[in-house]
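For the record, the sequence lines run as chains X and D.
In case it helps, the working numbering puts the first sequence at residues 746 to 1370.
In case it helps, the working numbering puts the second sequence at residues 746 to 1370.
Idealized CB from N, CA, C, for every residue including glycine.
Number of protein chains: 2
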Amino acid sequence: MTLTDLLFGRPLATEEEKAARIGPGKGIPIFGLDALSSAAYGPEAALTLLIPLGMMGVRHIVPITLCVLLLLAIVYFSYRQTITAYPQGGGSYTVASENLGTWAGLLAAAALMIDYVLTAAVGISAGVGALVSAVPGLQAHTLLMCLGILVVLTVVNLRGVQETGGLFRLPTYLFIGCLLALIAIGVAKTLLAGGHPLPVIAPPRLSRATEAVSAWLLLRAFASGCTAMTGVEAVSNGVMAFRDPTDKYARLTLTIIIAILMVMLGGIAFLAPAYGVAATLPGAVGYQSVLSQLLAAVTGKGAFYWTSIVSILIVLSLSANTAFADFPRLARAIARNGFLPHSFTLRGRRLVYTPGVYALAILTGVLLTIFGGVTDRLIPLYAVGAFLAFTLSQAGMVVHWRRNAGEHSRKSMAINGVGAVATGITVCVVLVAKFTEGAWITLLLIPLLMGMMKAIHRHYGRVERVTALDRAVNTAELCRPIALIPVERWSVISEKTLRFAWSMASDIRFVHVECEEEDERFQKQWRALVEAPAREAKLAVPELVVLRSPYRFVAAPIVDYVLQVQQQNPARRVVVLVPELIEKHWYNLLLHNQRPQLLRSLLRSAANPKITVIDIPWYLNPLGR
Amino acid sequence: MTLTDLLFGRPLATEEEKAARIGPGKGIPIFGLDALSSAAYGPEAALTLLIPLGMMGVRHIVPITLCVLLLLAIVYFSYRQTITAYPQGGGSYTVASENLGTWAGLLAAAALMIDYVLTAAVGISAGVGALVSAVPGLQAHTLLMCLGILVVLTVVNLRGVQETGGLFRLPTYLFIGCLLALIAIGVAKTLLAGGHPLPVIAPPRLSRATEAVSAWLLLRAFASGCTAMTGVEAVSNGVMAFRDPTDKYARLTLTIIIAILMVMLGGIAFLAPAYGVAATLPGAVGYQSVLSQLLAAVTGKGAFYWTSIVSILIVLSLSANTAFADFPRLARAIARNGFLPHSFTLRGRRLVYTPGVYALAILTGVLLTIFGGVTDRLIPLYAVGAFLAFTLSQAGMVVHWRRNAGEHSRKSMAINGVGAVATGITVCVVLVAKFTEGAWITLLLIPLLMGMMKAIHRHYGRVERVTALDRAVNTAELCRPIALIPVERWSVISEKTLRFAWSMASDIRFVHVECEEEDERFQKQWRALVEAPAREAKLAVPELVVLRSPYRFVAAPIVDYVLQVQQQNPARRVVVLVPELIEKHWYNLLLHNQRPQLLRSLLRSAANPKITVIDIPWYLNPLGR
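Below you can see the structure in the form of structure tokens.
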């Protein structure tokens, strides 16, 4: 068992793909973590903006959450339909580019790619941030811990979707269980107490209102609350990861995720005003998260409280995993259309789109390093991308239904139409509300990314156009090449090279560079050991060309000579046979000059298609017989 | 004019070598800086050990200096003779290995190499140390300044010996002028005052004696004073750098350097007791160097004082340059005998042995970095190497004179014999006196270096034995190779590769790796576009070999197949033609898979001498017509 096997697991054959697929049990931890974990920060984000309103503000969370839930329901129904229509996997990118055209597709692609990198970075740093606020001694190691989690996530995801789902199942279901229990107990207590339950541990006293309600404030609170909806896209992109019938299991998984999320969001919005829980100012003394206050108020600070808090921390940091599950699939879809490097379509040993995992890990690592592992300021950036993708996906579905008129297509078109309008409005709201907070960065990056993808596509197109061949192979004008061989002294290596040259060329020239005056010895030896035997055996007699090099350069005069020979024989191919001594150990490199390598790269940079370089390796320690 | 030209100067032709040679005017700054600058620290080192003796100690500097001067005279006469006997350059290494055998030569080589690296590191850090003690604000940048000076020295030396001599001439002669003037004025004042001159600025009061004189103390003081003799070797190594007649100019240069050094050492030893100047404890409050005290006592702190101090600082840091002048020549001499990599014998664009300069710069840089630019503790280490080299050189010369009996050979042998015995005794004294202070490190490094050089020699010997060829080229059993071509799809690149294969092989097989189920399209296209036309043109019909790859590896199945074909045809050569798309920009690399490179390195690591890889480059942007 090699180290690679130990780290990433044994290679999976392409045929084993079906066995590597998953059901909803593993689908929820893999594709749902991002969406579900947002229950921990979405309501909090909205409530934070409502702080200046005091108790009135807490009450406003109810209508805001209702708006979010409505939007969520619309988006849910649209994506359900998308899964049905695109059982091969239909993320916003696929839907938008197939129905709205290339540019719309690229817009969705750019928005989503930015969104996933942000999800990964923000998820990891949120988890570490929560841990650091619990154990302040770890503060100095924030970045190191972030990168450590990133490495673990990368390795786990490279091991394949089965493993990831298995590993993340426990914390995910623990989190879901705790939050649903909290809501159940809280709601029961509230109803029993006639709407005014007595908190076990009272939340901090509410500060008095310092502002009056304004539409602008509510709008901004709504925009913040919308971050709770990021990650809903994931399942539709990963349909192919599910067991057959893929679309059925994908829909089931999506339904469960959305249902749980709605219960969580609704429950929190119901309990917060009932228990008088408001947000506290992050970063200020006495800060406590909304969920922590709610847990303490409903159940006190017992075992349940601590279990829940720990599960929230874990799920937050694992929410980055949704990006790992989805980004490679998205990149693959884009690459299949030629807008990203082809290598994103390759599956590694565990049937995962390995290059996508690496790319996400690298981008996330860079982002984390730049921000020192503290990415709070990035949170406003990433609702824009998600909602932009929602909108394009649904607008695309509208076109889809119009094109594929069927039994339910009118109804479906209506659902997606409402979705498109609703999410479209939300994009505008989020953009306006968060423009100065950082949404402008997303707005700047998206066209850059789109330009890059377009350039890649153009490049591939050009290569394809130039290299494609539909006609029969050209069998005319074949002629034997001219063989040139650099030689320093007559050795078994030159002999091997010459014998090779005889097998392919009739015009063979050895090129010898003379840096200082040399005696006749080499040339005499040459005549005796090479020319005479060749003549006797009736083989092509190799010519010895001696080049003077006043400036002691060796590779450059050879390159000049090769180019000159090629120009004098424009119809013929020039082959340069470079003898090279190859040793076993890298440190032996220091003992021999690197002229063969230099010659090779100089000839290559000459980019002359009529010149071919052949390495004739001479192994000091041959392994073959 | 390229950047390289600007930095290093235009290339010099081998024929221009004579013009690049120097006379004594430039020879003294190049080869004498190390020896001359030691006047600034040799007496100081001896006086520091005499501090516990109080005023008595200062008087003991006179006999100690007389011993050093005697030794210096002996060494001078011996090296004069060496230069005459070895006008091609005869450092200790050459003399010892030619007369005393390989191991003695390697011993001298190892001692000298260590010595030169230490000279470079200590010289630079001494200069920077002096600067830092003058401007304490620079303390934090010690290492950076050391490395900066190292880079400057490296570049200047790469520009060639002419430039170096020209650049260092002014500070060197300023230093010599100042010190000689100081001694002349001081001696004149002393004589006029009847041996008891009145200091212009009185040196710090002498502390009272705390110890009695002991032979051990005087021995240690002498050993420290001997550091003043390092660097004397340099001229004999660099004879070939001088104008014709080389030996005459080299001897003249050596004579001038030694004469000036003797006057300086003698003058300081005379003036110190006369003016009552003793050493102060380095690192302690009120530390002042002996030369600074003497300058102040003789001339006061005027313009002359400051000019002298500045010239001492500059010369100290430039003393490292002697190592740069000599190490490459030494390494070249060793490499010519096959005990160091051959590349040390190559001259760069400015006729300098460039690899030696780089090697010294790297080793010095590493040493400076390890010690953070503070290498005071290394000073004790480097008298051992120098005196070991002296001894071996002179013992070698004794043997030389016995072998080449001539007119004066008896006298010469006597001179070198006395020198060998005297320096041999000094090696023992220095070793014993400084063993615990660090001389043991030198004693440990020398055998390691010798072992390394011996191993290099053995390796070269093996390669030479295995590859040398004295017989005529084997013209029997030439047969055309089997050509294998990896192919993904039929393109102009595959066409070019096939046409190349036709020119050299009759058995051609295309190898296609199938990772997922593919349809028949490729094979149909193949039959129509390749097989049929080949048959029609009566060319070798290439076979299409399809390899299934259940684990989606592409390069590995091809390598396995190549090895298998080779084993099935043990008598024939297998040629793998690897088509490769080559683009102009490095970032385009990201857009295409690196399978050609992977395949190449896998085949190379198979180290099968019967397998040859040929790159068939296909340039997207050809430069040739």
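Simplified DSSP assignment, three categories, for residue i
i: F1255 (chain D); result: strand
i: L1133 (chain X); result: helix
i: P942 (chain X); result: coil
i: R1349 (chain D); result: helix
i: T719 (chain X); result: This structure leaves residue 719 (chain X) out entirely; chain X is present only between 746 and 1370.
i: I1124 (chain X); result: coil
i: R1370 (chain D); result: Low local confidence applies: a pLDDT of 41 at R1370 (chain D) is under 50, so the model's placement there is unreliable, with the coordinate-based value given in what follows. Coil, per DSSP.
i: A973 (chain X); result: helix
i: V1175 (chain D); result: helix
i: P1362 (chain X); result: strand
i: A1228 (chain X); result: strand
i: P949 (chain X); result: coil
i: E1372 (chain D); result: Nothing about residue 1372 (chain D) can be read from this structure; chain D reaches only from 746 to 1370.
i: R904 (chain X); result: coil
i: S1088 (chain X); result: helix
Residues near residue i in its chain [Cβ-Cβ closer than 7 Å; skip 5 each side]
i: S1154 (chain D); result: W1146
i: A1238 (chain X); result: Note that residue 1238 (chain X) is Ile in the sequence shown, not Ala. Answer for I1238 (chain X): P1324, L1326 and W1363, listed in chain order.
i: V1102 (chain D); result: T899, N902, L903, F1069 and P1073
Residue i and residue j closer than 8 Å at C-beta
i: R1317 (chain D); j: P1226 (chain D); result: yes
i: L964 (chain D); j: A1184 (chain D); result: no
i: F1132 (chain X); j: V1172 (chain X); result: yes
i: L1105 (chain X); j: A865 (chain X); result: yes
i: G1422 (chain X); j: N844 (chain X); result: Shown here, chain X extends from 746 to 1370; a query on residue 1422 (chain X) therefore has no answer.
i: L962 (chain X); j: L794 (chain X); result: yes
i: I1013 (chain X); j: A784 (chain X); result: yes
Other residues of its chain near residue i: CB distance less than 6 Å, five sequence neighbours each side excluded
i: H1257 (chain X); result: V1232 and V1291
i: S1064 (chain D); result: L778, D779, S782 and G868
i: A1242 (chain D); result: For the sequence presented, residue 1242 (chain D) should be read as Thr rather than Ala. Contacts found: I1230, L1322, P1324 and I1361.
i: A790 (chain D); result: S969 and T972
i: G850 (chain X); result: Y838, A841 and S842
i: W1372 (chain D); result: Examination of residue 1372 (chain D) is not possible in this model, given that chain D is present from 746 through 1370 alone.
i: R1370 (chain X); result: For R1370 (chain X), the predicted model reports a pLDDT of 41, less than 50, meaning its position is unreliable; a value from the coordinates is still stated below. Within the same chain, R1370 (chain X) has no close Cβ partners at all.
i: P756 (chain D); result: R1094
i: P1341 (chain D); result: V1323 and E1325
i: C1260 (chain X); result: S1294 and R1297
i: A979 (chain X); result: F776, T1067 and D1071
Residue environment, residue i, which counts as buried when at least 16 other CB atoms sit within 10 Å
i: M1249 (chain D); result: buried
i: L748 (chain D); result: exposed
i: K763 (chain D); result: exposed
i: A938 (chain D); result: exposed
i: V1030 (chain D); result: exposed
i: S1350 (chain D); result: exposed
Cβ of residue i within 8 Å of any chain C Cβ
i: E1259 (chain D); result: Any reference to chain C falls outside this structure, whose protein chains are X and D.
Contact set for residue i: own chain, Cβ-Cβ below 8 Å, skip 5 residues either direction
i: K1355 (chain D); result: Q1311, P1315, R1317, R1318 and V1319
i: H1337 (chain X); result: L1326 and E1328
i: T1114 (chain D); result: L888 and L892
i: R1345 (chain X); result: V1323, V1358 and D1360
i: D989 (chain X); result: K763 and R766
Option nearest residue i by Cα separation, candidates the options
i: A1159 (chain X); options: X:Q1139, X:V1175 and X:V1174; result: X:Q1139
i: D992 (chain D); options: D:V1237, D:L1343, D:D1305 and D:I767; result: D:I767
i: A1070 (chain D); options: D:G905, D:I1124 and D:R1081; result: D:G905
i: G787 (chain X); options: X:P797, X:A830, X:G799 and X:I806; result: X:I806
i: T1000 (chain X); options: X:F1049, X:L915, X:I828 and X:E1265; result: X:I828
i: A1228 (chain X); options: X:V1143, X:G874, X:Y1098 and X:L1289; result: X:L1289
i: V798 (chain X); options: X:V1111, X:L1214 and X:A957; result: Note that residue 798 (chain X) corresponds to Leu in the displayed sequence, not to Val. Comparing Cα-Cα distances from L798 (chain X) to each of X:V1111, X:L1214 and X:A957, the minimum goes to X:A957.
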